[in-house]
Amino acid sequence: MKKVFDTGNAAITEAAIIAGCQIYAGYPITPSTEIAENMSRRLPQAGGYYVQTEDELAGLYTCLGASLGGMKAMTSTSGPGYVLFSDPYGWGISSEIPVVIIDAQRVGPVSGITGAPGQGEFYLSRYPTHGGNYETIVLAPNSVQEAFDMTVRAFYLAERFRTPVTILADQLVTDGWESFEIPETADELKEKGLEIVERKVNCGPEFFPASDEIDIPPVVLGYNTGAACSDWTPTEEGYDIEDPVAHLKHSYRLVYKIRNHRELIDRHEAWFMEDDPEIVLVSYGSPSRVVTSAVKAARAQGIRAGAIRLQSLWPFQDQLFEKKTKYLVVELNFEGQLVREVQRATGENKDVHFYGKCGELPGVHELLQAMKEILSDQKITFEKFVSEAW
Numbered sequence: 298m299k300k301v302f303d304t305g306n307a308a309i310t311e312a313a314i315i316a317g318c319q320i321y322a323g324y325p326i327t328p329s330t331e332i333a334e335n336m337s338r339r340l341p342q343a344g345g346y347y348v349q350t351e352d353e354l355a356g357l358y359t360c361l362g363a364s365l366g367g368m369k370a371m372t373s374t375s376g377p378g379y380v381l382f383s384d385p386y387g388w389g390i391s392s393e394i395p396v397v398i399i400d401a402q403r404v405g406p407v408s409g410i411t412g413a414p415g416q417g418e419f420y421l422s423r424y425p426t427h428g429g430n431y432e433t434i435v436l437a438p439n440s441v442q443e444a445f446d447m448t449v450r451a452f453y454l455a456e457r458f459r460t461p462v463t464i465l466a467d468q469l470v471t472d473g474w475e476s477f478e479i480p481e482t483a484d485e486l487k488e489k490g491l492e493i494v495e496r497k498v499n500c501g502p503e504f505f506p507a508s509d510e511i512d513i514p515p516v517v518l519g520y521n522t523g524a525a526c527s528d529w530t531p532t533e534e535g536y537d538i539e540d541p542v543a544h545l546k547h548s549y550r551l552v553y554k555i556r557n558h559r560e561l562i563d564r565h566e567a568w569f570m571e572d573d574p575e576i577v578l579v580s581y582g583s584p585s586r587v588v589t590s591a592v593k594a595a596r597a598q599g600i601r602a603g604a605i606r607l608q609s610l611w612p613f614q615d616q617l618f619e620k621k622t623k624y625l626v627v628e629l630n631f632e633g634q635l636v637r638e639v640q641r642a643t644g645e646n647k648d649v650h651f652y653g654k655c656g657e658l659p660g661v662h663e664l665l666q667a668m669k670e671i672l673s674d675q676k677i678t679f680e681k682f683v684s685e686a687w
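According to the numbering used here, the stretch in the sequence shown is residues 298 to 687, in order.
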């Protein structure tokens, strides 16, 4: 096992190459630019191809085309570029094209601050394209090591489910410097619980079967397969058709191939959940690291606090929120996105609160104070902004 000290962007690059990525296409944007830079250097060394496109839209389309040509592909971006992916995302989801997409979230709205972390694309990663009638797979690392591990896993899931898989990171993960391990043998890869699925070719004649099955090789154009691919509703042979029954079958597949095999996707961590905690902090990504410290500090002060950290965001893990208790959702945004899903998942038992910061992590003392206020049935105190009078 090789140990490296580098950024999350470097870890993602090395993981993609180990997973068999053969082409990266994209457009540089902070804080994911170093993925493009590293790929431009490392992919040719590994026999792959780097393509800098004229914009993010072209980057994802190029990756989809490469995947349809039988190559594993990846692109990366940040918020302003991520929103441009809407149309190619739809092609990838509906045509069941495996591809890996990295979004290094930064504070918004729009261009915001390029070098500050945010969590504004939680819902956008679930609904990245128009029309509905689909599910998405979204993973969320909170460290450089997890950025590596989840990238390898994203390629694995993309191949098995025939779909784009998104890694929703943030600026602190992608720009942060930490030690991480790189497996150098198949045994070391297995030791870390990681698997690689090699690209196979679907030889038809049923390219888009109306079932929830996974592990069906993706559609690859050429190779004498006779395959067809478009963004219209397909027949099982892949030809365009405007028929409600065919559309129902295809939509069923796009939703239930993921929902009915979510045991391969769902991942989370939990702390101090065994003794009926009186308050549970919920988070994902970089804020979860502060949450862990805050919960330990609360325990030291006699507060029965617990924590849930989501490692996979979509499909949403409703089953984690069945406990009747108070929940405090911590996010890097002001309006609250994850908190809405927790409110929905808790149902009639809901006692859900929100703590949001913008562009910087909350402090342990802030979360401790918020917990105490919630447990005392007080309104959470947020830091006030004071502007100079002119």
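Virtual Cβ for every residue (Gly too), placed ideally from N, Cα, C.
Because the structure is a prediction, the values reported are computed rather than measured.
So for residue i, helix, strand or coil by DSSP?
{"i": "residue 611", "result": "strand"}
{"i": "residue 466", "result": "strand"}
{"i": "residue 628", "result": "strand"}
{"i": "residue 337", "result": "helix"}
{"i": "residue 554", "result": "helix"}
{"i": "residue 578", "result": "strand"}
{"i": "residue 351", "result": "coil"}
{"i": "residue 623", "result": "strand"}
{"i": "residue 427", "result": "coil"}
{"i": "residue 323", "result": "strand"}
{"i": "residue 434", "result": "strand"}
{"i": "residue 419", "result": "helix"}
{"i": "residue 356", "result": "helix"}
{"i": "residue 653", "result": "strand"}
{"i": "residue 573", "result": "coil"}
{"i": "residue 331", "result": "helix"}
{"i": "residue 362", "result": "helix"}
{"i": "residue 678", "result": "coil"}
{"i": "residue 448", "result": "helix"}
{"i": "residue 298", "result": "coil"}
{"i": "residue 589", "result": "helix"}
Going along the chain, which residues of its own chain have a beta-carbon closer than 8 Å to the beta-carbon of residue i, five neighbours each way excluded?
{"i": "residue 671", "result": "576, 623, 625, 650 and 677"}
{"i": "residue 632", "result": "653"}
{"i": "residue 315", "result": "449, 479, 480, 486 and 493"}
{"i": "residue 519", "result": "366 and 367"}
{"i": "residue 661", "result": "587, 590, 591 and 594"}
Starting from the C-beta of residue i, find all residues in its chain whose C-beta is less than 6 Å away, skip the five residues before and the five after it, and write them out in chain order.
{"i": "residue 327", "result": "411"}
{"i": "residue 445", "result": "308, 312 and 477"}
{"i": "residue 389", "result": "361, 396 and 461"}
{"i": "residue 635", "result": "419, 626 and 628"}
{"i": "residue 422", "result": "435, 463 and 465"}
{"i": "residue 386", "result": "425 and 426"}
{"i": "residue 347", "result": "321, 336, 337 and 340"}
{"i": "residue 324", "result": "350, 352, 353 and 356"}
{"i": "residue 333", "result": "323 and 325"}
{"i": "residue 609", "result": "436, 562, 563 and 564"}
{"i": "residue 384", "result": "none"}
{"i": "residue 546", "result": "507"}
Ordered along the chain, which non-local residues of its own chain (more than five positions away) have a Cβ less than 7 Å from that of residue i?
{"i": "residue 607", "result": "437, 565, 581 and 614"}
{"i": "residue 617", "result": "565 and 605"}
{"i": "residue 266", "result": "Lying before the first or after the last residue shown, residue 266 is absent from the chain, which here runs from 298 to 687."}
{"i": "residue 574", "result": "601, 602, 603 and 622"}
{"i": "residue 658", "result": "583, 584 and 587"}
{"i": "residue 543", "result": "530 and 532"}
{"i": "residue 556", "result": "432 and 612"}
{"i": "residue 459", "result": "393, 395, 513 and 515"}
{"i": "residue 523", "result": "501"}
{"i": "residue 300", "result": "476 and 478"}
{"i": "residue 405", "result": "376, 415 and 417"}
{"i": "residue 447", "result": "436, 438 and 464"}
Does at least one heavy atom of the ligand ADP sit under 7 Å from the Cβ of residue i?
{"i": "residue 463", "result": "Among the ligands in the structure shown, none appear at all, so the ligand ADP cannot be discussed."}
In terms of DSSP beta bridges, what is residue i paired with?
{"i": "residue 567", "result": "605"}
{"i": "residue 404", "result": "410"}
{"i": "residue 584", "result": "DSSP, once it has assigned bridges, lists no residue as partnering residue 584."}
{"i": "residue 303", "result": "475"}
{"i": "residue 528", "result": "In DSSP, residue 528 forms no bridge with anything."}
{"i": "residue 537", "result": "531"}
{"i": "residue 248", "result": "Look at the range of the chain in this structure, 298 to 687, and you will see that residue 248 is not part of it."}
Report yes or no: do three or more beta-carbon pairs, one from the stretch 348-356 and one from the stretch 499-506, lie closer than 8 Å? no
Report yes or no: do three or more beta-carbon pairs, one from the stretch 450-460 and one from the stretch 394-404, lie closer than 8 Å? yes
Taking three-plus beta-carbon pairs below 8 Å as touching, is the stretch 459-472 in contact with the stretch 485-497? no
Tell me whether the stretch 529-537 and the stretch 502-510 touch, counting them as touching only if at least three CB pairs, one residue from each stretch, are closer than 8 Å. yes
When the Cβ atoms of the stretch 589-597 are set against those of the stretch 543-552, are three or more pairs found closer than 8 Å? no
Validate contact between the stretch 311-327 and the stretch 510-529 using beta carbons, cut 8 Å, 3 pairs: no
At which residue ranges does the stretch 454-519 contain complete alpha helix (DSSP H) runs of 4 or more residues, listed in the order of the chain? 468-472 and 483-488
Are three or more beta carbon pairs between the stretch 431-445 and the stretch 470-488 nearer than 8 Å? yes
Can you list the alpha helix (DSSP H) stretches of 4 or more residues lying completely in the stretch 370-399, in chain order? 376-379 and 383-391
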